[in-house]
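Reading through the structure tokens given below for one structure.
Number of protein chains: 2
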Amino acid sequence: MKILSENACFGGVQGVYSHASQVCDCEMTFGLFLPQEAQQQPVPLLWYLSGLTCTHENAMTKAGAQAWAAEAGIAVIFPDTSPRGEGVADDAAYDLGQGAGFYLNATQEPWAAHYAMWDYIADELPELVGKEFAVDAGRQSITGHSMGGHGALTLAMGLPGRFRSVSAFSPITHPSQSEWGKKQLTAYLGPDQAGWARHDATLMMRESGFDGPMLIDTGTKDQFADLLMPEALAEAMAARRQQGVFRMQPGYDHSYFFVSSFIADHIAFHAEALHQ
Amino acid sequence: MKILSENACFGGVQGVYSHASQVCDCEMTFGLFLPQEAQQQPVPLLWYLSGLTCTHENAMTKAGAQAWAAEAGIAVIFPDTSPRGEGVADDAAYDLGQGAGFYLNATQEPWAAHYAMWDYIADELPELVGKEFAVDAGRQSITGHSMGGHGALTLAMGLPGRFRSVSAFSPITHPSQSEWGKKQLTAYLGPDQAGWARHDATLMMRESGFDGPMLIDTGTKDQFADLLMPEALAEAMAARRQQGVFRMQPGYDHSYFFVSSFIADHIAFHAEALHQ
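Line by line, the protein sequences give chains A and B. Counting with the working numbering, you get residues 48 to 323 for the letters of the first sequence. Counting with the working numbering, you get residues 48 to 323 for the letters of the second sequence.
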């Protein structure tokens, strides 16, 4: 693992690191905020998964998470959204290939060689971070924005017992039925929709739900709402009697101005679960 | 109007009053909490509509609303749930007739003579209260529980501009499709479902929505959840991009222990809208 940068931040450290990923077969970069408490003892860890076109950097610099994470004594990790590099397959579209990994393991060419973001977030990166930093693997929660909200929801439901709480900002909720999803699931996983179900939060909610609290925020003026389909997840959560809070926030759009407006709520929500 | 009782309560007064209702053609009783501020000037008014089998008294004694209404400087009115008296039609079932007015104007016999709860809550009672007490008709909000949640939602959407905010505890959300609704709508309004639409919160949400904030709470262990159909309203709210918060509260059932656990949240929610 290489240290690319470390900056003092709200009494703790905001670092950027890279490492040779085995599952993605390329060098991967991530951001990690460690609060002051991590100098004494392992602290809980919140995963923040980013959306289409983002790297590890967008949320780290624009979401405003560190202030509240420092107050709550929680680490926050900002992974990249796909494998990267010259040898890694890509597409001219912004919503496929690099920057658009969709948090799954691709099985189709040309993607299968590097696109293993599920295994990267579920296994490889937590193992590395647990070894290198003072984080407590027994206390993890997860959040994300847009495609990253999709990732947070599907990882939370797909790894029962791993995360104590899950939240999402403007998540893609039903990719198997959305233009933000059908193209990508077909490209990465092939046309057989049976394999898509464990990468669709609405289908997973109908099937199993999440054993813990959930918090979902979407703006009423989200310009991509028809692609996100918040109504699909809202219906599935209520039909399952899933504990959770589903909010439609008046006037907000899809931007980081929305995320930063409510990140304090989300970190307080996760802190309550992580400090129990 | 007769004063049946007045008790000092959290610095204000909890009163119970009765009056000859013209629209219901019978004597009607209601509870009204006035905070201390009402001695100086008109205060905002929150309507609390109760559920099946309730009178004006249940929420007044069991919801614990007065503590928070006093803190917020808000009056709370607790109407009855149906016309009452020996000459008023009734049914042996708990969910039809007296105690089960469903907040509509019945058109069918034997109900049409007295069952005019829509007109009573929408017109007659606010006029009386505005004349007799220091409440500000320009600042009203509405909430309710179960059948009263249905009433709150349908009145809020059916009277645009009247209420600044609406909330509900465990509301009946889709009576035209539920066993808590089909029987009553048929009995009161007749079998033609076209007339049911303006008494079904989910259908009204699909049609028009509410021009203000909404807050809905339902318990994940609500024993009547299959009759309430929270998923129908959750889907409709998100599909409309209705500003609002939809919560499934872990472990809570349909009782007043649920209502009292979250009444503080609801009154704070309404206070924010009423004091703007």
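Built from N, CA and C at the ideal position, the CB exists for glycine as well.
Which of helix, strand or coil DSSP assigns to residue i
i	result
residue 242 of chain B	helix
residue 133 of chain B	coil
residue 121 of chain A	coil
residue 302 of chain B	coil
residue 276 of chain B	coil
residue 224 of chain A	helix
residue 110 of chain B	coil
residue 309 of chain B	helix
residue 271 of chain B	coil
residue 103 of chain B	coil
residue 83 of chain B	helix
residue 314 of chain A	helix
residue 323 of chain A	coil
residue 69 of chain B	coil
Beta bridge counterpart(s) of residue i as assigned by DSSP
i	result
residue 190 of chain B	B/95
residue 64 of chain A	A/50, A/77
residue 261 of chain B	B/213
residue 295 of chain A	A/265, B/291
residue 256 of chain B	Beta-bridge pairing links residue 256 of chain B to no other residue.
residue 56 of chain B	B/59
residue 90 of chain B	B/182
residue 126 of chain A	A/77
8 angstroms contact criterion, which residue i and residue j should meet: CB distance rounded
i	j	result
residue 74 of chain A	residue 282 of chain B	That belief does not hold up - the Cβ atoms of residue 74 of chain A and residue 282 of chain B are roughly 44 angstroms apart, past 8 angstroms.
residue 85 of chain A	residue 59 of chain A	7 angstroms
residue 94 of chain A	residue 311 of chain A	Not confirmed; about 18 angstroms, so no contact.
residue 264 of chain A	residue 309 of chain A	5 angstroms
residue 77 of chain A	residue 214 of chain A	Incorrect: roughly 20 angstroms between the Cβ atoms, too far for contact.
residue 173 of chain A	residue 200 of chain A	Not confirmed; about 18 angstroms, so no contact.
residue 80 of chain A	residue 56 of chain A	6 angstroms
residue 92 of chain B	residue 50 of chain B	At roughly 19 angstroms, the Cβ-Cβ gap does not stay under 8 angstroms, so residue 92 of chain B and residue 50 of chain B are not in contact.
residue 121 of chain B	residue 262 of chain B	The Cβ separation is near 15 angstroms, so there is no contact.
residue 103 of chain B	residue 82 of chain B	That pair is no contact at about 18 angstroms.
residue 314 of chain A	residue 106 of chain A	Contact doesn't hold; Cβ gap of about 12 angstroms is too wide.
residue 136 of chain A	residue 144 of chain A	6 angstroms
residue 150 of chain B	residue 98 of chain B	About 11 angstroms; that fails the 8 angstroms criterion.
residue 245 of chain A	residue 205 of chain A	6 angstroms
residue 225 of chain A	residue 280 of chain A	Residue 225 of chain A to residue 280 of chain A, Cβ: 12 angstroms. No contact.
residue 284 of chain B	residue 175 of chain B	About 33 angstroms; that fails the 8 angstroms criterion.
*Do the segment 166-184 of chain B and the segment 65-77 of chain B touch if we need at least three Cβ pairs shorter than 8 angstroms?*
Of all C-beta pairs linking the segment 166-184 of chain B to the segment 65-77 of chain B, three or more are shorter than 8 angstroms, placing the two stretches in contact.
*Mind the definition here: the segment 109-117 of chain B touches the segment 296-309 of chain B only if three or more C-beta pairs lie below 8 angstroms; say whether that holds.*
Counting C-beta pairs closer than 8 angstroms gives three or more between the segment 109-117 of chain B and the segment 296-309 of chain B, which meets the contact rule.
*Between the segment 222-236 of chain B and the segment 284-295 of chain B, do three or more beta carbon pairs fall short of 8 angstroms?*
No: fewer than three Cβ pairs fall under 8 angstroms.
*Just checking, does the segment 208-219 of chain B make contact with the segment 182-189 of chain B on the three C-beta pairs under 8 angstroms criterion?*
Flag = yes, the segment 208-219 of chain B and the segment 182-189 of chain B touch.
*For the segment 137-208 of chain B, list the beta strand (DSSP E) runs that are entirely contained and at least 3 residues long, ordered along the chain.*
Counting whole runs of 3 or more residues, the segment 137-208 of chain B contains the beta strand (DSSP E) stretches 182-191.
*asked:* Taking contact to mean 3 or more Cβ pairs, one atom from each stretch, closer than 8 angstroms, check whether the segment 148-163 of chain B and the segment 121-139 of chain B are in contact.
replied: The segment 148-163 of chain B and the segment 121-139 of chain B touch, with no fewer than 3 CB-CB distances between them shorter than 8 angstroms.
*Specify whether the segment 233-249 of chain B and the segment 237-244 of chain A touch according to this definition: at least 3 beta carbon pairs, one from each stretch, less than 8 angstroms apart.*
Short answer: they don't touch.
*Closer than 9 angstroms, Cβ to any Cβ of chain C: which residues of the segment 275-296 of chain B, in chain order?*
The structure shown contains no chain C; its protein chains are A and B.
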